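These notes are about the structure you will find just below.
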Amino acid sequence: MSLAIDLLIATGLVVLAWQALVGGSLFRGIVMFIVFGLTMALAWARLGSPDLAMAEAAIGAGVTGALLMIAYWRLRALGANRPAPRSPLRARVALGVGLLSAVLVAMIGLAAVGAIGPGGEAGQALAEALPATGLGNPITGVLVIFRNLDTLLEVAVLLAAYVASRAVMGDDKAALPLPPAQDAPLVGALVAVLAPLAVLVAIYLLKAGSQLPGGAFQAGAVLAAGGVLLMLAGRLHPAPLCGVGLRIALVAGTVVFSGVGLIMLALGQPLLAIPGTWAVYLIETAMMISIGATLVLLFAGSAGLTGTPRR
């Protein structure tokens, strides 16, 4: 039975990926991509990686799917939803690029298999060094302690993506449609329950990430989902200017992470060395806030947010 489930998930991944690429329409491709992300989350769960499963479901399928949907709406609003002209030359180039990419992936895979050391040396070294950090979750230990430069760059790239989106979009003429002015009682009750629940779940994932599956990225994605819900319910609206508090939230992760690392360097420690568990919580909290704020602003497609609708 277990093998049948694994085969079903593996087959579904291939079929969904193919449908996302060659679907009959852009909208169908986006829907297939979202379903592919949820199926990939199931695959990670079956492989015993709950951290990756939560990240894939929250970020890969949920937030990314919402961003793709809003990008599709803006393309339609701008009149850019026209089918691209078919060209034999373009098809040949696409085929060549696809084959070259497949060969490159195969070469990297073979090199990675050949580079694996005997006995899982990296995992053994991590298991020996992890107790000294006060962390029980090896994923958090790798991301914040042992591969912290990669994590810092991920947060910085997310901030750079927001800055680039503002530079490209400028005064977006295809902004998000404003929700209706009337307040439906059911929507208000739903938001009153789900918005605080999103904050509580995010805090739990952040706190549990030191010992159990969770962490800043999953918590930030849940916060972003709460922000998207508030926008869709008409509680938050796009604003042309970014307030001081929102600016601080955007840069908090990058500034706090790099600030702690530079302070440790000034004290004679290695760059980005983490002084203790308290620093891990401080950095992860700042990262959670930055990730949530950035993803919501990317969804809104605006410089800032306000509780007052634009006129």
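Reminder that position 193 of the sequence shown reads as 241 in the working numbering, one-by-one numbering, no gaps.
Cβ atoms here follow ideal geometry from the backbone N, Cα and C, with glycine treated the same way.
Quick caveat, the model's predicted, so the values are computed rather than measured.
Buried or exposed by the 16-neighbour rule on C-beta atoms within 10 Å, applied to residue i
| i | result |
| --- | --- |
| Pro-286 | buried |
| Ile-82 | buried |
| Val-211 | exposed |
| Gln-172 | exposed |
| Gln-317 | exposed |
| Ser-258 | buried |
| Asp-54 | exposed |
| Leu-201 | exposed |
| Ile-331 | buried |
| Leu-148 | exposed |
| Ile-311 | exposed |
| Gly-282 | buried |
| Thr-302 | buried |
| Val-304 | buried |
| Ala-246 | buried |
Range of the contiguous beta strand (DSSP E) that encloses residue i
| i | result |
| --- | --- |
| Leu-353 | 352-354 |
Proximity of residue i and residue j at Cβ, strictly below 8 Å
| i | j | result |
| --- | --- | --- |
| Gly-291 | Gly-340 | no |
| Thr-199 | Leu-191 | yes |
| Leu-353 | Leu-294 | yes |
| Ala-250 | Val-270 | yes |
| Asn-185 | Leu-126 | no |
| Leu-289 | Ala-267 | no |
| Gly-113 | Ile-78 | yes |
| Leu-298 | Ser-350 | no |
| Phe-189 | Leu-183 | Note on residue identity: the sequence assigns Gly, not Phe, to residue 189. Going by C-beta atoms, Gly-189 is nearer than 8 Å to Leu-183. |
| Leu-242 | Leu-277 | yes |
| Val-203 | Met-335 | yes |
| Val-111 | Ala-300 | no |
| Arg-355 | Leu-248 | Before going on, a small fix: residue 355 reads as Gly here, not Arg. For Gly-355 and Leu-248, no; Cβs fall outside 8 Å. |
| Ala-101 | Ala-89 | yes |
| Phe-265 | Leu-115 | no |
| Ile-193 | Ile-107 | no |
Secondary structure of residue i, DSSP reduced to three states
| i | result |
| --- | --- |
| Ala-281 | coil |
| Pro-98 | helix |
| Ala-287 | strand |
| Leu-147 | helix |
| Pro-318 | coil |
| Gln-67 | helix |
| Gln-259 | coil |
| Ala-73 | In the sequence under discussion, the amino acid at residue 73 is Ser, which differs from the Ala named in the question. Reduced to three states, the DSSP call for Ser-73 is coil. |
| Val-79 | helix |
Enclosing alpha helix (DSSP H) for residue i [first to last residue]
| i | result |
| --- | --- |
| Phe-194 | Segment: none, Phe-194 is in no alpha helix (DSSP H) and carries neither H nor E. |
| Ser-306 | 292-314 |
| Ile-118 | 112-125 |
| Thr-181 | Taken as a continuous stretch (DSSP letters only), Thr-181 belongs to no alpha helix (DSSP H), as it is neither H nor E. |
| Glu-332 | 325-348 |
| Gly-236 | 233-256 |
Same chain, Cβ closer than 7 Å to residue i, neighbours up to 5 away in sequence not counted
| i | result |
| --- | --- |
| Met-80 | Leu-64, Gln-67, Ala-68 and Gly-71 |
| Leu-86 | Ala-105 and Ala-109 |
Cutoff 6 Å; reference residue i; Cβ partners in own chain excluding five residues on either side
| i | result |
| --- | --- |
| Val-153 | none |
| Val-344 | Ala-272 and Gly-275 |
| Thr-325 | Gly-182 |
Contact set for residue i: own chain, Cβ-Cβ below 8 Å, skip 5 residues either direction
| i | result |
| --- | --- |
| Ala-180 | none |
| Gly-60 | Thr-87 |
| Pro-98 | Trp-92 and Pro-261 |
| Gly-263 | Asp-99, Asn-185, Ile-187, Thr-188, Leu-191, Leu-253, Leu-254, Gly-257 and Glu-332 |
| Ala-327 | Val-308 |
| Arg-214 | Ala-351 |
| Ala-58 | Ala-91 |
| Leu-174 | Pro-186, Gly-189, Val-190 and Phe-194 |
Any non-hydrogen atom of the ligand MG within 7 Å of residue i CB
| i | result |
| --- | --- |
| Gly-189 | No copy of the ligand MG appears in this structure; indeed no ligand is present at all. |
is_contact[residue i, chain D] using C-beta, thresh 8 Å
| i | result |
| --- | --- |
| Glu-104 | Note that chain D does not occur in the displayed structure, where there is just one protein chain. |
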